[in-house]
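Trainee:
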Amino acid sequence: MNTKRIVGLAALCLICAVAASALTLWAMTRGLFGIYPPTPETGATPQTSPQDSTATPTPTKKPTPTPTKAPSVTSQPTISVPPTPTPKPNEATNGDPEPKDHPEDSMILSTERLIEKLYEEVSPSVVSIEVEVEEFGKSQFRTNQGSGLILRETGEIATNAAILSIATDKNGNLLANAIVRVKVKDIDRPFAAALIGHDVLSGLAVIKIDPADHKLKPGVFAQAPDVRIGQVVMAVGYPDILYESGGLSSGLITGINRTVLLEDGLAVQMLQTNAPVSLNCSGGPLLNLKGEVLGLTNCAVIREAIDSLSYVLPSAVVQTVSVELIDNGQTSGRSWLGVSVLSEASFLELQKLYGLPDGLYVSHVISDSPAYTADLRKNDIITRLNGIDVGTSLDISRFLQINPPGTLVEIRVYRRTDGRYYNLKTYLQEKIG
Numbered sequence: 108m109n110t111k112r113i114v115g116l117a118a119l120c121l122i123c124a125v126a127a128s129a130l131t132l133w134a135m136t137r138g139l140f141g142i143y144p145p146t147p148e149t150g151a152t153p154q155t156s157p158q159d160s161t162a163t164p165t166p167t168k169k170p171t172p173t174p175t176k177a178p179s180v181t182s183q184p185t186i187s188v189p190p191t192p193t194p195k196p197n198e199a200t201n202g203d204p205e206p207k208d209h210p211e212d213s214m215i216l217s218t219e220r221l222i223e224k225l226y227e228e229v230s231p232s233v234v235s236i237e238v239e240v241e242e243f244g245k246s247q248f249r250t251n252q253g254s255g256l257i258l259r260e261t262g263e264i265a266t267n268a269a270i271l272s273i274a275t276d277k278n279g280n281l282l283a284n285a286i287v288r289v290k291v292k293d294i295d296r297p298f299a300a301a302l303i304g305h306d307v308l309s310g311l312a313v314i315k316i317d318p319a320d321h322k323l324k325p326g327v328f329a330q331a332p333d334v335r336i337g338q339v340v341m342a343v344g345y346p347d348i349l350y351e352s353g354g355l356s357s358g359l360i361t362g363i364n365r366t367v368l369l370e371d372g373l374a375v376q377m378l379q380t381n382a383p384v385s386l387n388c389s390g391g392p393l394l395n396l397k398g399e400v401l402g403l404t405n406c407a408v409i410r411e412a413i414d415s416l417s418y419v420l421p422s423a424v425v426q427t428v429s430v431e432l433i434d435n436g437q438t439s440g441r442s443w444l445g446v447s448v449l450s451e452a453s454f455l456e457l458q459k460l461y462g463l464p465d466g467l468y469v470s471h472v473i474s475d476s477p478a479y480t481a482d483l484r485k486n487d488i489i490t491r492l493n494g495i496d497v498g499t500s501l502d503i504s505r506f507l508q509i510n511p512p513g514t515l516v517e518i519r520v521y522r523r524t525d526g527r528y529y530n531l532k533t534y535l536q537e538k539i540g
């Protein structure tokens, strides 16, 4: 009896405990104790039993905000931006960009077009010259190339006499087995050329072609040219044997009235430029930015090995000598001595080394010249001419200009081989051709 009573009490206690647990759980879900179930993590969906989801609605009073890293594309209004219009090419400049927003580009573009235009205008006046000489008894040829400038519509062309040096004899006449061909721009066939004459002193030669029914375009010389240091210039010629395409280089005037020794020792005032001029372009014109001829390049200039500059025979000399050659076939009336001397700078180095006297150091004596007949020798130092001290190449040049052919000249020289002074005498001769 007691046993049944004890079992009944235990069962009653168990039922009460289960009922209390269920009641406590129900009260917590209702928030009656101020305790809420744990909040699910951001972005996670709370897991509930089917009974809870149907019996307990989701609270809406204090929703938990869900942070996001970037705004939703669909939640923000979309701003429509019109596409940037593509600028049309400038028809006037053949598709080049408008330069008005970039002054530097505009300046460069203008300069390029100016040079292109000048070349197109001037290049028909510049010719290619090829000299060919057959060697006797051989099937071989010696050749030389250069450039020239058309002087007249009748076919006269000025060029560098050095181009023809392999084709002329000691009297300056064209050899019988020599051929001179001239190529003119936009004319398919080459022309045979004849030698009109050449001037040894200036290094200028004039040849002539027969243009037949072709119209030639002479170069335009600058009248009283205002040449300045730093002036932009262009040299036009024909490089190598590229007949179909000309040569163009540009640079600055780096020297005016530059004294340059010519082939026979005389000095002439020339222009100096840093525009590169190859040997095959020698004889072509130097131009200003108006397309006018300022001179002819590299005529009979003795250049030192380290000299990278180019020299230009001034337009006034080119015109004067050319007219005389065309009219008379030769130049005349000028006195000639026939020596070449070192530049003042080179001689100064020798003076420092060997203690030589002031004067002109003879580097070469031309055969059969007045200096040769007077027994003037290489390495002699000319100290006086007719009692007048000389120390620069200009001194000997002026002496020849004021003394006519036939003048008796007494030459005072210091001879290095024996360390003695000598008085030599000779007569100035007239230089022809």
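For the sequence shown, position 1 (counting from the first letter as 1) is numbered 108 according to our numbering, and the numbering increases by one without interruption.
The C-beta atom is built at its ideal place from N, Cα and C for all residues, glycine as well.
Bear in mind that the values here come from a model prediction, so they are computed numbers and not experimental data.
1) Can you give, in chain order, each stretch of the alpha helix (DSSP H) that sits fully within the segment 210-298 and has at least 4 residues?
2) How many Å lie between residue 382 and residue 421 at the Cα?
3) For residue 226, which residues in the same chain have their Cβ closer than 8 Å to its Cβ, ignoring the five residues on either side in sequence?
4) On the criterion of 16 or more Cβ atoms from any shown chain inside 10 Å, does residue 336 qualify as buried, or is it exposed?
5) Looking only at its own chain, which residues have a Cβ that is under 8 Å from the Cβ of residue 181, when we skip the five neighbours before and after it?
6) Looking only at DSSP bridge pairs, what is residue 365 linked to?
7) Just list the residues that DSSP pairs residue 328 with in beta bridges.
8) To the nearest whole angstrom, what separates the beta carbons of residue 401 and residue 393, a pair I think is in contact under 8 Å?
9) Can you grab the Cα-Cα spacing for the pair residue 283 / residue 242, in whole Å?
10) So what's residue 480 in DSSP terms, helix, strand or just coil?
11) To the nearest angstrom, how far is the alpha carbon of residue 338 from that of residue 329?
12) Measuring straight from C-alpha to C-alpha, what distance separates residue 315 and residue 511?
13) Is the number of C-beta pairs between the segment 286-300 and the segment 432-452 that are closer than 8 Å three or more?
14) Leaving aside the five residues before and after residue 487 along the sequence, list all residues of the same chain whose C-beta is less than 6 Å from its C-beta, in chain order.
15) Given that a residue counts as buried once 16 or more other Cβ atoms are within 10 Å of its Cβ, and exposed if not, what is residue 430?
16) By DSSP's criteria, residue 528 is part of a beta bridge. Which residues make up the other side?
17) Using the DSSP secondary-structure output, state which residues sit across from residue 538 in a beta bridge.
18) Starting from the C-beta of residue 432, find all residues in its chain whose C-beta is less than 6 Å away, skip the five residues before and the five after it, and write them out in chain order.
19) What separation, rounded to the nearest whole angstrom, lies between the Cα atoms of residue 220 and residue 391?
20) Counting C-beta neighbours from all protein chains within 10 Å, is the total for residue 525 16 or more, i.e. buried, or is it exposed?
21) Given a threshold of 16 other Cβ atoms within 10 Å of its Cβ, counted over all protein chains shown, does residue 247 qualify as buried or as exposed?
22) Could you spell out the range, first to last residue, of the beta strand (DSSP E) harbouring residue 505?
23) Using three-state DSSP, classify residue 452 as helix, strand or coil.
24) For residue 542 and residue 285, which I take to be in contact (beta-carbon distance under 8 Å), what is that distance rounded to the nearest angstrom?
25) Looking at the structure shown, is residue 425 part of a helix, part of a strand, or coil, going by DSSP?
26) Output the distance between the C-alpha atoms of residue 457 and residue 255, rounded to the nearest integer angstrom.
27) Beta-carbon separation of residue 291 and residue 398 under 7 Å?
28) In chain order, what residues of the same chain lie with their CB nearer than 6 Å to the CB of residue 528, ignoring the 5 residues before and after it?
29) Tell me which residues share the same chain as residue 389 and place their Cβ nearer than 6 Å to its Cβ, disregarding the 5 neighbours each side in the sequence.
30) Would you call the CB atoms of residue 364 and residue 379 closer than 7 Å?
31) Measure the beta-carbon distance from residue 484 to residue 472 and round it to whole angstroms, keeping in mind my assumption that it falls under 8 Å.
32) For the putative contact between residue 467 and residue 489, defined by C-beta atoms under 8 Å, what is the C-beta separation to the nearest angstrom?
33) For a test of the three-state rule: what should DSSP assign to residue 306, helix, strand or coil?
Mentor: A quick look at the data gives this:
1) 210-229
2) Position 275 of the sequence shown, counted from the start, is the residue given in the question as residue 382. Position 314 of the sequence shown, counted from the start, is the residue given in the question as residue 421. Roughly 15 Å between the two C-alpha positions.
3) By one-based count along the sequence shown, residue 226 stands at place 119. Hits under 8 Å: 341, 343, 353, 355.
4) To locate residue 336, count along the sequence shown from 1; it is residue 229. Exposed, because fewer than 16 other Cβ atoms sit within 10 Å of the Cβ of residue 336.
5) In the sequence shown, counting from the first residue as 1, residue 181 sits at position 74. Its pLDDT being 46, under 50, residue 181 is placed unreliably in this model, and the value from its coordinates should be taken loosely. There are no such residues.
6) Taking the first residue of the sequence shown as 1, we reach residue 365 at position 258. Its beta-bridge partners are 377.
7) The residue you call residue 328 lines up with position 221 of the sequence shown. Answer is 400, bridged to residue 328.
8) Start at 1 with the first residue of the sequence shown, and residue 401 comes out as number 294. Start at 1 with the first residue of the sequence shown, and residue 393 comes out as number 286. Right, the Cβ-Cβ distance comes to about 5 Å (below 8 Å), so this counts as a contact.
9) Taking the sequence shown and counting its residues from 1, the one referred to as residue 283 is at position 176. Taking the sequence shown and counting its residues from 1, the one referred to as residue 242 is at position 135. Distance between the alpha carbons of residue 283 and residue 242 is about 11 Å.
10) One-based indexing of the sequence shown puts residue 480 at position 373. Correct three-state label for residue 480: helix.
11) The residue you call residue 338 lines up with position 231 of the sequence shown. The residue you call residue 329 lines up with position 222 of the sequence shown. Distance between the alpha carbons of residue 338 and residue 329 is about 14 Å.
12) Stepping through the sequence shown from its first residue, residue 315 is reached at position 208. Stepping through the sequence shown from its first residue, residue 511 is reached at position 404. Their Cα atoms are separated by approximately 32 Å.
13) no
14) If you number the sequence shown from 1, residue 487 lands on position 380. So the list reads 469, 520, 522, once near-sequence residues are dropped.
15) The residue you call residue 430 lines up with position 323 of the sequence shown. Its Cβ having fewer than 16 others within 10 Å, residue 430 is exposed.
16) In the sequence shown, counting from the first residue as 1, residue 528 sits at position 421. Residue 528 pairs with 521.
17) Here residue 538 refers to the residue found at position 431 of the sequence shown. Note: residue 538 sits in a beta bridge opposite 441.
18) Position 325 of the sequence shown, counted from the start, is the residue given in the question as residue 432. Closer than 6 Å at the Cβ level, and outside the excluded window around residue 432, lie 303, 304, 313.
19) Locating residue 220 in the sequence shown gives position 113, counting from the first residue. Locating residue 391 in the sequence shown gives position 284, counting from the first residue. Residue 220 and residue 391: Cα-Cα distance of roughly 22 Å.
20) Here residue 525 corresponds to residue number 418 of the sequence shown, with the count starting at 1. Residue 525 comes out exposed.
21) Sequence index remark: in the sequence shown, residue 247 carries index 140 (1-based). Exposed, by the Cβ-count rule.
22) Here residue 505 is taken as the residue at index 398 of the sequence shown, counted from 1. Unbroken run through residue 505 is the alpha helix (DSSP H), 500-509; no beta strand (DSSP E).
23) One-based indexing of the sequence shown puts residue 452 at position 345. Helix.
24) Nothing in the structure corresponds to residue 542, since the chain is present only between 108 and 540.
25) Sequence index remark: in the sequence shown, residue 425 carries index 318 (1-based). If DSSP states are grouped into helix, strand and coil, residue 425 belongs with the helices.
26) The residue labelled residue 457 in the question sits at position 350 within the sequence shown. The residue labelled residue 255 in the question sits at position 148 within the sequence shown. The alpha-carbon atoms of residue 457 and residue 255 are separated by roughly 39 Å.
27) Your numbering for residue 291 matches position 184 in the sequence shown. Your numbering for residue 398 matches position 291 in the sequence shown. No, the Cβ-Cβ distance between residue 291 and residue 398 is not below 7 Å.
28) Position 421 of the sequence shown, counting from 1, holds the residue named residue 528. Excluding residues within five positions, the ones whose Cβ falls inside 6 Å are 521.
29) As a working note, residue 389 is residue 282 in the sequence shown. Closer than 6 Å at the Cβ level, and outside the excluded window around residue 389, lie 253, 267, 404, 405.
30) Residue mapping note: residue 364 aligns to position 257 of the sequence shown, counting from 1. Residue mapping note: residue 379 aligns to position 272 of the sequence shown, counting from 1. The answer is no: Cβ separation not under 7 Å.
31) As a first step, residue 484 is located in the sequence shown; it is residue number 377 there, counting from the start. As a first step, residue 472 is located in the sequence shown; it is residue number 365 there, counting from the start. Confirmed, about 7 Å.
32) Against the sequence shown, residue 467 aligns to sequence position 360. Against the sequence shown, residue 489 aligns to sequence position 382. Between residue 489 and residue 467 the Cβ distance is about 4 Å, and since that is below 8 Å, they are a contact.
33) Along the sequence shown, one-based indexing puts residue 306 at 199. Residue state, collapsed to three classes: strand.
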